[in-house]
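Numbering (my numbering), first residue to last: 342 to 527.
Quick look at the structure:
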């Protein structure tokens, strides 16, 4: 068993590698640029929603509130006529990227920590690179990618967006696994 204190370096290195890789993916490669598209008559929608002062959060429309309400003919009529949508509202104004980038690094470090935890409890000191890579890579992939698919199942998230994000998760997991394999205590 490997003490968790011996894994701080691979946690930090893998978080930095994931941050750099995600920056390249989103700023240089651009294959996520088409993940979201514009709404028709976007300006009209923004003008209509602005005076409502919708607080940040996740919304579903039409909203039923429970299983019984979903059986109500009025709700079913709204559902059948559409639109049916999920909506995430963010706080307006200011530069939001700084906080999100910091949260992203913390998220990457958290996945690395838990992947390292699983490996530290299943692998000995001096374990072979490929064995460490397999254990850490599998657990990191679960953290980065598998949870994305429930959004496809329940909220009809775009399949192409989810496939691209799953590929990203595989890359991030491989970088995490590589850092742990390279820096595993001997």
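Backbone N, C-alpha and C fix where the C-beta goes; we use that ideal spot for every residue, glycine too.
Everything numeric in this text was worked out from a predicted model, so none of it was measured.
Reduced DSSP category for residue 380 - H, G, I as helix; E, B as strand; rest coil = Three-state DSSP puts residue 380 in coil, outside helix and strand.
Determine the DSSP secondary structure at residue 430, reduced to helix, strand or coil.
-> In the three-state reduction of the DSSP assignment, residue 430 falls in the strand class, which pools E and B.
Buried or exposed: residue 451, going by 16 or more other Cβ atoms within 10 Å of its Cβ?
-> Under this definition residue 451 is an exposed residue.
Leaving out five residues before and five after residue 401 in sequence, what residues of the same chain have Cβ atoms less than 6 Å from its Cβ?
-> Correct list, in chain order: 427.
For my contact list, residue 517 and residue 453 are in at a C-beta cut-off of 8 Å; report their separation, rounded to the angstrom.
-> About 5 Å; that satisfies the 8 Å criterion.
Secondary structure of residue 484, DSSP reduced to three states | The answer is helix: DSSP assigns residue 484 an H, G or I state.
Rounded Cβ spacing between residue 521 and residue 351 (contact assumed at less than 8 Å) | At roughly 4 Å, the Cβ-Cβ gap stays under 8 Å, so residue 521 and residue 351 are in contact.
Hey, out of 413, 447, 473, whose CA is closest to residue 458's CA?
-> Comparing Cα positions, the closest option is 473.
Indicate whether residue 362 and residue 512 have their beta-carbon atoms separated by less than 8 Å.
-> Residue 362 places its beta carbon less than 8 Å from that of residue 512.
Just the Cα atoms here: how many angstroms apart are residue 364 and residue 415?
-> C-alpha separation (whole angstroms): 46 Å.
First through last residue of the alpha helix (DSSP H) which encompasses residue 508 | Its alpha helix (DSSP H) spans residues 500 to 524.
Could you spell out the range, first to last residue, of the beta strand (DSSP E) harbouring residue 400?
-> Residues 398 to 402.
Residue 374, DSSP secondary structure in three states = In the structure shown, residue 374 sits in coil (DSSP, three-state: anything other than H, G, I, E or B).
Could you check what DSSP says for residue 367 in three-state terms: helix, strand or coil?
-> In the structure shown, residue 367 sits in a helix (DSSP, three-state: H, G or I).
Reduced DSSP secondary structure (H/G/I, E/B, other) of residue 343 | In the three-state reduction of the DSSP assignment, residue 343 falls in the coil class.
Burial state of residue 525, where buried means 16 or more other Cβ atoms lie within 10 Å = Within a 10 Å sphere around the beta-carbon of residue 525 sit 16 or more other beta-carbons, which makes this residue buried.
Go ahead and pull the three-state DSSP assignment for residue 477.
-> Here DSSP, grouped into helix, strand and coil, assigns residue 477 to helix.
C-beta atoms of residue 397 and residue 431 nearer than 8 Å | Yes.
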